[in-house]
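**Q** Sequential numbering from 19 applies to the sequence shown in this note's numbering. Ideal Cβ positions, reconstructed from N, Cα and C, are used throughout, including at glycine. Structure incoming, see below.
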Amino acid sequence: MAKDLFLEIGCEEIPAGFVPKAMADLELLIKKEFDSARIEYGEIVTLGTPRRLVLAVKGVAERQPDAELTAMGPAKSHAYDADGNPTKAAQGFARGQGIEVSQLKLVTTEKGEYLAAVKSEIGRETAELLPEILPRLIGNIPFKKSMRWADFDVRFARPIHWIVALFDGKVVPFSFGNIESGSASRGHRFMANTSFPVRDLAHYLEECERHFVIPDPNKRKEIIRAEIDRVAKQAKGNVLPDEALLEQVSYLVEYPSAVHGTFSPDFLVVPREVLITSMREHQRYFSLVDVEGKLLPGFITINNTITEDPQVVVKGNERVLRARLSDARFFFNEDHKVRLESRVESLKSVVYQAKLGTSYEKMERFRELGKRLAQRLNPVVTSQVERAATLCKADLVSGMVGEFPEVQGIMGREYALHDGEEKAVANAIAEHYLPTQAGGELPASDIGAFVSLADKMDTICGCFSVGLIPTGSADPYALRRSALGIINIILDKGYREPLSDFVKASLDLLSAKATRPLAEVQKDVLDFFRGRFVNLMADRFPADAVEAVVSVSFDDLVEAAAKIEALAGFRNRDDFGPLAVAFKRVCNIVKDGVDAPVSAELFQEPAEGELLQALNQVTGKVAGALEKADYLAALTEIATLKPAVDLFFEKVMVMAEDERVRQNRLALLTAIARLFGRLADFSRLSP
19 MAKDLFLEIG CEEIPAGFVP KAMADLELLI KKEFDSARIE YGEIVTLGTP RRLVLAVKGV
79 AERQPDAELT AMGPAKSHAY DADGNPTKAA QGFARGQGIE VSQLKLVTTE KGEYLAAVKS
139 EIGRETAELL PEILPRLIGN IPFKKSMRWA DFDVRFARPI HWIVALFDGK VVPFSFGNIE
199 SGSASRGHRF MANTSFPVRD LAHYLEECER HFVIPDPNKR KEIIRAEIDR VAKQAKGNVL
259 PDEALLEQVS YLVEYPSAVH GTFSPDFLVV PREVLITSMR EHQRYFSLVD VEGKLLPGFI
319 TINNTITEDP QVVVKGNERV LRARLSDARF FFNEDHKVRL ESRVESLKSV VYQAKLGTSY
379 EKMERFRELG KRLAQRLNPV VTSQVERAAT LCKADLVSGM VGEFPEVQGI MGREYALHDG
439 EEKAVANAIA EHYLPTQAGG ELPASDIGAF VSLADKMDTI CGCFSVGLIP TGSADPYALR
499 RSALGIINII LDKGYREPLS DFVKASLDLL SAKATRPLAE VQKDVLDFFR GRFVNLMADR
559 FPADAVEAVV SVSFDDLVEA AAKIEALAGF RNRDDFGPLA VAFKRVCNIV KDGVDAPVSA
619 ELFQEPAEGE LLQALNQVTG KVAGALEKAD YLAALTEIAT LKPAVDLFFE KVMVMAEDER
679 VRQNRLALLT AIARLFGRLA DFSRLSP
């Protein structure tokens, strides 16, 4: 009979950003453990707060099933000598498996015959396995940073204070460091700092709420949402929507409650982005706006307790915020005393990267690159692109950005407008940092887009040219994000700029800094972009359709994306399976193809002539559709070749004995494959 598993790890406050990932990792780890142990299980639930991580698994089998396990050993050719005697390889394998050589069996595989050890294993009770599994599970949670405490040889995000481990309501006995598992959890640290017994998940959730803990982050989030809306209405305002902040705050508290505070309207002279950033990033406050979206001099903060005197909390928060906003106003006023243009020269003393030079040198490179983009794609804005690129990094040396790095670009825009720069140029200064995250806002103007593309491409090509290439999860210069930003901007704007030309232009400007051959760097950068583009498209369309198009070409990202979309739509045809099979057969036979004209005089079967005639009729129509970028129409025309292709393969032996006839037939199939190849590599499509 299936039973339920419950695990709670109670500890000191875990950083908010660690909790959601740890919850996801808990689910993955228990699946891996149970799958490896051949333990069947049902629904998995994970919960988390700053002080606890919870795992509940329903329908866990009472025991492992019995199993016959096969361990593969050396190939037969290496296991026995010429006289049929077992070699040291066979003897060593048998010894390692704990059996005699005579007990080994020969197993036939695709690669030939191999020795194998086949052993029967009687399934163990799950309750017997869990004391081994659970401490390993806890120790394997991959926190970004973990720590040891006292002199214990274990690591966790923060010191563990208690562990609840139950299987079918009974304690699973094990230790982790100095903590012994048990059946008692604890309530809120300040509002109910007492222990309480746990029977199962439902009982745990009920007792937690009685002890002022909401373990479910989704429920906490909805409570916070309702609380901030309630308090905002009382303050006669609306909450500025901020889902990311709501998500973060939900992992900072166990029992949320909201209070409203205010700040002096005099601070509203500071740009709203600075005020919002100061409240959001430094204090985790929600901002308030009026019905027109204008920022109000107030905020909402989320407490981890229900306070006896909310005004004490409010005054404390107001005092902290007042100091932050006073700093912001001071830097804002001081920065106005120096023109943004005058700060550009200071970039010469700011090292961007030791091997790539100063921020001023970087600006000079991407300014030239941005001008080239503008001249090719929208010459009218070239001078504005040059001006925006010149000024866009100048706010990095301002007092405001030095104190509040999150407002870089935004302050550049504000200072540019204050100095009388064109509005389009000022907006481009802020836009050139976009997008700042996956799925984030993109530059609205061509000016901002060109500067953003140039800046990001210089970063990528610069790092690759001096060997600073992302490896695994390490990407200190956020090159993956920059590449995705470039791809998304190009797709959003529809820029028909060959990626290879763009990369080459950037590398030409970096030639004096590069420590690697530029041709090698260009190949690596294009491969890097290919990987990001494939991943992006595979999130939207079938992976084989993406690979079929990209394997032919992705230099024009807009064209490649349109072809992928068309091919994905084409796959929805009822007859797609047979079509794919027929066209893949053509591609697989010709492979590299035969570069020769097709001669009708060498035809020996009517089916050859019919296929050539069908090809000639379709070729012009496909060319017309491609010229209009109507890729679905082109694919539809190509599909009309199927009857002639099927008849050809039915009636014609491609690999004829006569060399001239064989080559002529291969040339005909090559012509068809190359017609397909103008859109995709059909050999990569799954029927």
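Would you list, in sequence order, the uninterrupted beta strand (DSSP E) runs of no fewer than 3 residues that lie entirely inside the region 297-335?
**A** For the region 297-335, whole beta strand (DSSP E) runs of length 3 or above, ordered along the chain, are 304-307 and 313-321.
**Q** With three or more beta-carbon pairs closer than 8 Å as the criterion, would you say the region 301-318 touches the region 254-267?
**A** yes
**Q** Terminal residues of the continuous beta strand (DSSP E) containing Ile706?
**A** Nothing in the structure corresponds to residue 706, since the chain is present only between 19 and 705.
**Q** Please list the segments of the alpha helix (DSSP H) lying wholly inside the region 389-432, counting only runs of 4 or more residues, in order along the chain.
**A** 400-409 and 417-421
**Q** Straight-line CA distance for Ala412 to Thr654?
**A** 53 Å
**Q** Taking the continuous beta strand (DSSP E) assigned at Glu86, which residues delimit it?
**A** Here the beta strand (DSSP E) through Glu86 covers Ala85 to Ala93.
**Q** Taking Thr533 as the reference, give the member of Leu517, Glu432, Gly512 and Leu486 with the closest Cα.
**A** Leu486
**Q** Give me whichever residues DSSP pairs with Met165 in a beta bridge.
**A** Phe174
**Q** Out of curiosity, what's the CA-to-CA distance linking Asn606 and Ser701?
**A** 7 Å
**Q** In the region 236-286, which residue ranges form an unbroken beta strand (DSSP E) of at least 3 residues, counting only runs that do not cross its ends?
**A** 275-280
**Q** For Ser193, write down the residues that DSSP places opposite it in a beta bridge.
**A** According to DSSP, Ser193 bridges with Glu198.
**Q** Apart from the five residues on each side of it in sequence, which residues of its chain come closer than 8 Å, Cβ to Cβ, to Leu339?
**A** Gly279, Phe281, Ser296, Met297, Gln301, Tyr303 and Phe317
**Q** Leaving out five residues before and five after Phe468 in sequence, what residues of the same chain have Cβ atoms less than 7 Å from its Cβ?
**A** Gly388, Leu391, Ala392 and Val403
**Q** Please tell me whether Val189 and Ser203 are closer than 8 Å, where the distance is taken between their beta carbons.
**A** no
**Q** Could you check the C-alpha separation between Ile320 and Asp526 for me, to the nearest Å?
**A** 52 Å
**Q** Return the chain-ordered list of same chain residues with a C-beta closer than 6 Å to the C-beta of Gly466, the five sequence neighbours on each side being excluded.
**A** Once the five neighbours on either side are set aside, the close Cβ partners of Gly466 are Ala446, Glu449 and His450.
**Q** Going by CA-CA distance only, name the one from Leu148, Leu133 and Thr127 that's closest to Arg81.
**A** Leu148
**Q** Which two residues bound the contiguous beta strand (DSSP E) that contains Gly627?
**A** From DSSP, Gly627 is part of no beta strand (DSSP E) but of the alpha helix (DSSP H) over Pro624 to Glu645.
**Q** Shortest alpha-carbon distance to Ala444 belongs to which of Arg431, Ala456 and Leu47?
**A** Arg431
**Q** Is there contact between the region 60-70 and the region 35-48, where contact requires at least three CB pairs shorter than 8 Å?
**A** yes
**Q** Mind checking whether Pro177 and Glu30 have CB atoms under 8 Å apart?
**A** yes
**Q** Starting from the C-beta of Leu152, find all residues in its chain whose C-beta is less than 8 Å away, skip the five residues before and the five after it, and write them out in chain order.
**A** Leu25, Ala183, Val190, Phe192 and Ser199
**Q** If you draw a straight line from the C-alpha of Leu686 to the C-alpha of Leu659, how long is it?
**A** Straight-line Cα distance between these residues: approximately 13 Å.
**Q** Just to check my reading of the structure: Asp493 and Asp218 have Cβ atoms closer than 8 Å, yes? What is that Cβ distance to the nearest angstrom?
**A** The Cβ separation is near 43 Å, so there is no contact.
**Q** Helix, strand or coil: which one does DSSP assign to Phe621?
**A** Looking at Phe621 - three-state DSSP - the assignment turns out to be coil, as it is neither helix nor strand.
**Q** Determine which residues share a DSSP beta bridge with Thr369 and list them.
**A** Here residue 369 is Val; the residue named in the question, Thr, does not match the sequence. Val369 pairs with Thr376.
**Q** Tell me which same chain residues have a C-beta within less than 7 Å of the C-beta of Val267, skipping the five on either side of it?
**A** The answer, listed in chain order, is Ile242, Arg302 and Ile320.
**Q** Tell me the DSSP bridge mates of Ser203?
**A** Phe214
**Q** Which of the three DSSP states is assigned to Phe24 in this structure?
**A** strand
**Q** If I follow the unbroken beta strand (DSSP E) through Val672, where does it start and stop?
**A** Unbroken run through Val672: none, as it is neither H nor E.
**Q** Who are the Cβ neighbours of Arg357 in its own chain at under 7 Å, not counting the five residues just before and after it?
**A** Asp437
**Q** Taking the Cβ atom as the reference point for each residue, do Ala407 and Met381 lie within a distance shorter than 8 Å?
**A** yes
**Q** Starting from the C-beta of Leu502, find all residues in its chain whose C-beta is less than 6 Å away, skip the five residues before and the five after it, and write them out in chain order.
**A** Arg550
**Q** Once DSSP output is grouped into helix, strand and coil, what is the label at Tyr59?
**A** coil
**Q** Keeping to the same chain, check which residues put their C-beta closer than 7 Å to that of Phe345; ignore five residues upstream and five downstream.
**A** Per the sequence shown, the amino acid found at residue 345 is Asp instead of Phe. Close CB contacts of Asp345 within its chain, under the 7 Å cut and outside five residues either way in sequence, are with Glu421 (chain order).
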